[in-house]
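Asks: Please read through the structure below; I'll follow up with questions.
What follows is the structure, given as structure tokens:
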């Protein structure tokens, strides 16, 4: 890190984004009782009783029989064998842990004394001493040459990908593209044979081949094995394929031989098949600040994905990244940023007194005030997306143990305030009490979200919400930055990881030899097995009303996993604010561990970004001029920070505002199915479409009224609206609920539905004829009527 940037002034460093009214509303919501006031007991909190004597009222009513918290735990055999089994299993896990530590120590010594010696060690030290990506690439190529990796790159044969298919696809694509370019220069169109009695042009044949090849992990080219044999790069054959696909996509996007409708369908199919990339930032308390270095490395190389998710400490980093533009981030990611991280400012005595009284070490309102600078005040998910074009996702879980998890983004919770989501995702039991999510109303004030229910740390159950990301944004490639200290201890790549090959026997061996790697795998898998046994038999205790088994047994990695190297001595700083010196070290370490992964990310994003560009250009050019008011802006900022996908509903609102500002009359936007269903419920309940002026002022997002004290509504139709609004945001990535994400609303479905409503029924498949469109509308209407009848019967108890 350059010393000139160390004390550089931060953008908006002196700006206070705190809104006192919003902070007061959040404080009222956090301190509101969780139960009706008649049943509220002031001596209890979320975690433990306050130490005061409570006198029970004398009553003659017969007491109800005591029941356990979980019916499945009752029984004589369970009570007899629970603690002996726990003792035996924990003793065995302890023995396995000791053996695992000894095994890892043996492997580290084996590598130090056998592998890293002589010139190899000098080249590795040179590699690790680099401070920027360009210098790192030079050092990595030099080390690859010394280890003989260049010959491996030139040999196209490899067991972990279909090199024959990749070779044929690259050759055919290159020939067709060159023929098509020659035809375009000569202005003569040639055919490439016939199919089903119709002549096929060269451009059509190239389009068909590209559509066949541009898929996620086509031929195995996205296997991490292809990038774990060298420090930089992969097989030359794979690199040629990526470059040829890029050239062919550029040609198909620019050629005039294809109509706009053909291009639009092509890039829509490519977008669905290829998917998107997400950067996932894990939790890890103060270790989460390593994420700043990971983000900086991606940003400097212009490889920062559009979809970003964060959990717990990673949510704070993700919020900062998704509320700032690229230019602002480059000035923010410096050691001076440590002056803004002040959540742990209280002394130990203050912490102890707060924990004794409330059961939490930190105060939620105090953290909300300090978090507002990172989230630009009460900015919502939708406002952040419109400002930077990056899609922020934050996961949290309910305070009760069985409700589904929650993934917040600009689709599922567009008006939710980011600062409340960050606090909820960081609410670890005993550290921070669960908090209420806040939503911004139409009047600009904030109110409780989701009936005022409270939420806590998402990493306790779903640290990396891959299934939900796939459901909402078609994410099928993940770059995970994992800094959880209890996970990093068990990360071990016996055959090498991306950008870090096994140097024993020049990449052909196992780390620590085969026996060392075999012992490490056995001990780690055996510990996980016994933890799963305890979880499925429900033998694990639940301190602080939390099932802690998922902290160890959930999925923590992705297609690419970045593990910043930490040491045991740093555990003492896990709940402290970083100094400028420590943050500078975290930035350096985070960047250094990211450099080996950037080539893999680059090859992936080269194709993905071109597909997104084609999807955007063809869609905007196909729209009507008066409806596509953002067309010029999208073309101007194609490579900038503007959104790659904009909501047509948001466009219509902007068009409506622009019309009103010019003195015209605003047109009524077509209602979506969700809005029609909400309107139907309101009419069924006897409410009218027109409300008083005061009633309109009190309405919240999507017509929902703000919550009062305790987070409760009195209107029956408002309850329906809240249920409908909340039904879009739940997900569960656990093995037991693999089908739950199917009910969520994906970005593609939302986009197509809004497009259809915007242009009056026009779809991407308009060439299929009007009959299929009428049939689809009829089916949708029929399905909506059935759902309304079922919902009415399910909620009121009356059969439909």
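In the numbering used here, the protein residues as written are 31 to 830. The beta carbon of each residue, even a glycine, is placed where N, CA and C say it ideally should be. Source: prediction; values computed, not measured.
Roughly how many whole angstroms lie between the Cα atoms of residue 263 and residue 252?
Replies: For the purposes of this step, residue 263 is identified with residue 233 of the chain shown, where counting begins at 1. For the purposes of this step, residue 252 is identified with residue 222 of the chain shown, where counting begins at 1. Straight-line Cα distance between these residues: approximately 13 Å.
Asks: Can you tell me whether residue 49 is helix, strand or coil according to DSSP?
Replies: Counted from its first residue, the chain shown places residue 49 at position 19. Of the three classes helix, strand and coil, the one that applies to residue 49 here is coil, per DSSP.
Asks: Could you pull the start and end residues of the beta strand (DSSP E) that residue 469 belongs to?
Replies: Stepping through the chain shown from its first residue, residue 469 is reached at position 439. Unbroken beta strand (DSSP E) run through residue 469: 468-470.
Asks: Rounded to a whole number of angstroms, what is the C-alpha to C-alpha distance between residue 390 and residue 462?
Replies: Against the chain shown, residue 390 aligns to sequence position 360. Against the chain shown, residue 462 aligns to sequence position 432. Just so you know, the alpha carbons of residue 390 and residue 462 end up roughly 5 Å apart.
Asks: What is the C-beta distance between residue 476 and residue 408, in whole angstroms, given that I count them as a contact (C-beta under 8 Å)?
Replies: Here residue 476 is taken as the residue at index 446 of the chain shown, counted from 1. Here residue 408 is taken as the residue at index 378 of the chain shown, counted from 1. Correct: roughly 6 Å between the Cβ atoms.
Asks: Contact between the segment 362-374 and the segment 318-335 is defined here as three or more beta-carbon pairs at a separation below 8 Å; is this criterion met?
Replies: Touching, per the Cβ criterion.
Asks: Since I believe residue 425 is in contact with residue 435 (beta carbons under 8 Å), could you give me their beta-carbon distance rounded to a whole number of angstroms?
Replies: Along the chain shown, one-based indexing puts residue 435 at 405. Along the chain shown, one-based indexing puts residue 425 at 395. Confirmed, Cβ separation roughly 6 Å.
Asks: Given 8 Å as the limit, is there contact between the segment 443-455 and the segment 393-400, that is, 3 or more CB pairs closer than that?
Replies: yes
Asks: Tell me the residue span of the alpha helix (DSSP H) that contains residue 110.
Replies: In the chain shown, the residue the question calls residue 110 occupies position 80. Segment 106-140, the alpha helix (DSSP H) holding residue 110.
Asks: So, helix, strand or coil for residue 505, using DSSP?
Replies: The residue you call residue 505 lines up with position 475 of the chain shown. In the structure shown, residue 505 sits in a strand (DSSP, three-state: E or B).
Asks: DSSP has residue 338 in a bridge; who is on the other side?
Replies: By one-based count along the chain shown, residue 338 stands at place 308. BP columns for residue 338 point to 309, 422.
Asks: Whether or not the segment 565-573 and the segment 494-510 are in contact is what I'm after, with contact meaning three or more pairs of Cβ atoms, one per stretch, closer than 8 Å; do they touch?
Replies: no
Asks: Hey, quick one: how far does the alpha helix (DSSP H) through residue 298 stretch, first residue to last?
Replies: Here residue 298 refers to the residue found at position 268 when the chain shown is read from its first residue. Element bounds for residue 298: 290-304.
Asks: Please report the distance separating the alpha-carbon of residue 518 from that of residue 557.
Replies: For this step, residue 518 is matched to residue 488 along the chain shown. For this step, residue 557 is matched to residue 527 along the chain shown. Taking the straight line joining both Cα atoms gives about 15 Å.
Asks: Any idea if residue 808 is buried or exposed, counting beta-carbon neighbours within 10 angstroms, 16 or more meaning buried?
Replies: Position 778 of the chain shown, counted from the start, is the residue given in the question as residue 808. Confidence at residue 808 is low in this model, with a pLDDT of 48, below 50, so the placement of that residue should be treated as unreliable; the coordinate-derived value is given next. Exposed is the call here.
Asks: Quick one: what does DSSP say residue 144 is sitting in, helix, strand or coil?
Replies: Position 114 of the chain shown holds residue 144. DSSP places residue 144 in helix when its eight states are reduced to three.
Asks: Under 7 Å Cβ to Cβ from residue 832, same chain only, skipping five residues before and after it: list those, please.
Replies: The question about residue 832 has no answer, for the chain in this structure spans 31 to 830.
Asks: Does the Cβ of residue 586 have 16 or more other Cβ atoms within 10 Å, making it buried, or fewer, making it exposed?
Replies: Working through the chain shown from its first residue, we reach residue 586 at position 556. Classification of residue 586: buried, given that the 10 Å Cβ count is 16 or more.
Asks: Nearest to residue 156 by CA position, among 648, 622, 641, 639, is which residue?
Replies: As a position in the chain shown, residue 156 is number 126, starting the count at 1. Selected option, being the one with the closest Cα: 622.
Asks: Alpha carbon to alpha carbon, how far is residue 613 from residue 368?
Replies: Along the chain shown, one-based indexing puts residue 613 at 583. Along the chain shown, one-based indexing puts residue 368 at 338. Those two C-alpha atoms are separated by around 6 Å.
Asks: Taking residue 335 as the reference, which of 356, 343, 167, 372 has the closest Cα?
Replies: The sequence position of residue 335 within the chain shown is 305, counting from 1. Closest by alpha carbon: 356.
Asks: Just how far apart, CA to CA, sit residue 380 and residue 59?
Replies: The sequence position of residue 380 within the chain shown is 350, counting from 1. The sequence position of residue 59 within the chain shown is 29, counting from 1. Each residue's Cα considered, the two are about 24 Å apart.
Asks: Quick one: what's residue 591 bridged to in DSSP?
Replies: Translated into the one-based positions of the chain shown, residue 591 becomes position 561. Its beta-bridge partners are 510.
Asks: Out of curiosity, what's the CA-to-CA distance linking residue 611 and residue 370?
Replies: Here residue 611 refers to the residue found at position 581 when the chain shown is read from its first residue. Here residue 370 refers to the residue found at position 340 when the chain shown is read from its first residue. Approximately 14 Å, taken between the alpha carbons.
Asks: Just verifying my parser: in three-state terms, what is the DSSP assignment at residue 251?
Replies: In the chain shown, counting from the first residue as 1, residue 251 sits at position 221. If DSSP states are grouped into helix, strand and coil, residue 251 belongs with coil.
Asks: Could you check what DSSP says for residue 278 in three-state terms: helix, strand or coil?
Replies: By 1-based counting over the chain shown, the position of residue 278 is 248. Residue 278: helix per DSSP, three-state reduction.
Asks: May I ask you to list the residues that DSSP assigns as paired with residue 487?
Replies: Position 457 of the chain shown, counted from the start, is the residue given in the question as residue 487. Answer by DSSP bridge pairing, in chain order: 426.
Asks: Should the segment 292-303 be called in touch with the segment 585-600, which here means at least 3 C-beta pairs below 8 Å?
Replies: no
Asks: Would you decide whether residue 133 is buried or exposed? Buried here means 16 or more other CB atoms lie within 10 Å of its CB.
Replies: Indexing the chain shown from 1 puts residue 133 at position 103. Classification of residue 133: buried, given that the 10 Å Cβ count is 16 or more.
Asks: Among 427, 430, 429, 405, which residue has its Cα nearest to the Cα of residue 418?
Replies: Along the chain shown, one-based indexing puts residue 418 at 388. The residue with the shortest Cα to Cα distance from residue 418 is 405.
Asks: If you measure from the CB of residue 186, is any heavy atom of the ligand SAM nearer than 7 Å?
Replies: Annotation note on the ligand SAM: not contained in the displayed structure, which lists no ligands.
Asks: Taking 7 Å as the limit between beta carbons, can you name the residues of its chain near residue 551, skipping five residues before and five after?
Replies: Residue numbering aside, residue 551 sits at position 521 when the chain shown is read from its first letter. If we look at residue 551 and ignore the five residues flanking it on each side, its Cβ neighbours are 524.
Asks: Spell out a yes or no on whether the segment 240-250 and the segment 312-322 are touching, meaning 3 or more CB-CB pairs, one atom from each, closer than 8 Å.
Replies: no
Asks: Which term fits residue 50, buried or exposed, when burial requires 16 or more other beta carbons within 10 angstroms of its beta carbon?
Replies: Within the chain shown, residue 50 is the residue found at index 20, counting from 1. So residue 50 counts as exposed.
Asks: Rounded to whole angstroms, what's the CA-CA distance from residue 130 to residue 578? Just pull it up for me.
Replies: Residue 130 sits at position 100 when you count from the first residue of the chain shown. Residue 578 sits at position 548 when you count from the first residue of the chain shown. Between residue 130 and residue 578, the C-alpha separation is close to 21 Å.
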